[in-house]
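K.L.:
Sequential numbering of the sequence shown, starting at 1, is according to full-length UniProt numbering. Let me give you the structure first, and then I'll get to my questions.
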Amino acid sequence: VSALGLSCRCSEPLAGPEPPEMLAVCGLSVALALTLLPGPAEALKDGECEVCVTFLGRFYDSLKENDVKFNDVEIEKAMLRSCKDAKGKENRFCYYIGATSDAATKMINEVSRPMSHHVPVEKICEKLKKKDSQICELKYDKQLDLSTVDLKK
């Protein structure tokens with residue numbers, strides 16, 4: 001509490017009964033201090049944001065292979081080109097970040113800016129998840145291996 005410039009007699013030894021107002025002020029200042037402290041980073045769990053991590057990872061690799069300049073404008077242009085060819089869940093991801101022509105929102109800069117600074121795609125997806133949780137709910141459809149499926153039931 002003192003780190004925030006607040007003073008409270010809560011930590012001082014009790015010399016007698018504290019007035020209820022003082023206890024309330026101390027409790028509020030402790031609660032305020034706890035809310036202002038940064039919490040643990042909300043890292044992605046294994047398999048979470050599957051489409052985001054996979055698509056952006058492949059996109060980042062393609063930028064490096066094609067010697068694209070790592071600045072916001074060039075990355076956005078390349079993202080729009082990549083999203084034009086995207087199908088299925090990847091197209092839906094592009095829609096969510098605003099990289100399709102029919103998208104209602106425009107969050108593409110939330111991808112291009114950190115990517116221009118070579119921020120890992122997992123971190124970019126974490127930030128996108130905070131903006132729109134639907135992004136991390138996207139999962140690829142599982143392919144069935146018909147040779148292992150028992151069809152005699």
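In this text, a Cβ means the ideal position worked out from N, Cα and C, and glycines have one as well.
Taking 8 Å as the cut-off, does the stretch 64-73 touch the stretch 85-96 (at least 3 CB pairs, one atom from each stretch)?
P.N.:
Taking 8 Å as the limit for Cβ pairs, the verdict is that the stretch 64-73 does not touch the stretch 85-96.
K.L.:
Taking only the alpha-carbon atoms, compute the straight-line gap between residue 39 and residue 114 and give it to the nearest angstrom.
P.N.:
Locating residue 39 in the sequence shown gives position 39, where the first residue counts as 1. Locating residue 114 in the sequence shown gives position 114, where the first residue counts as 1. Low local confidence applies: a pLDDT of 42 at residue 39 is under 50, so the model's placement there is unreliable, with the coordinate-based value given in what follows. Each residue's Cα considered, the two are about 22 Å apart.
K.L.:
For residue 64, which residues of its own chain have a beta-carbon under 6 Å away from its beta-carbon, when the five flanking residues on both sides are left out?
P.N.:
For this step, residue 64 is matched to residue 64 along the sequence shown. Nothing listed; no residue qualifies.
K.L.:
For the alpha helix (DSSP H) containing residue 107, name the first residue and the last one.
P.N.:
On the sequence shown, position 107 is the one that residue 107 refers to. From DSSP, residue 107 is part of no alpha helix (DSSP H); its letter is neither H nor E.
K.L.:
Leaving out the 5 sequence neighbours to the left and right, which residues in its chain are closer than 7 Å to residue 94 when beta-carbon positions are compared?
P.N.:
Along the sequence shown, read from residue 1 onward, the residue named residue 94 stands at position 94. Here the set comprises 83, 86, 100.
K.L.:
If you check the beta carbons only, do residue 181 and residue 80 fall under 8 Å apart?
P.N.:
Absent from the structure is residue 181, since the part of the chain shown begins at 1 and ends at 153.
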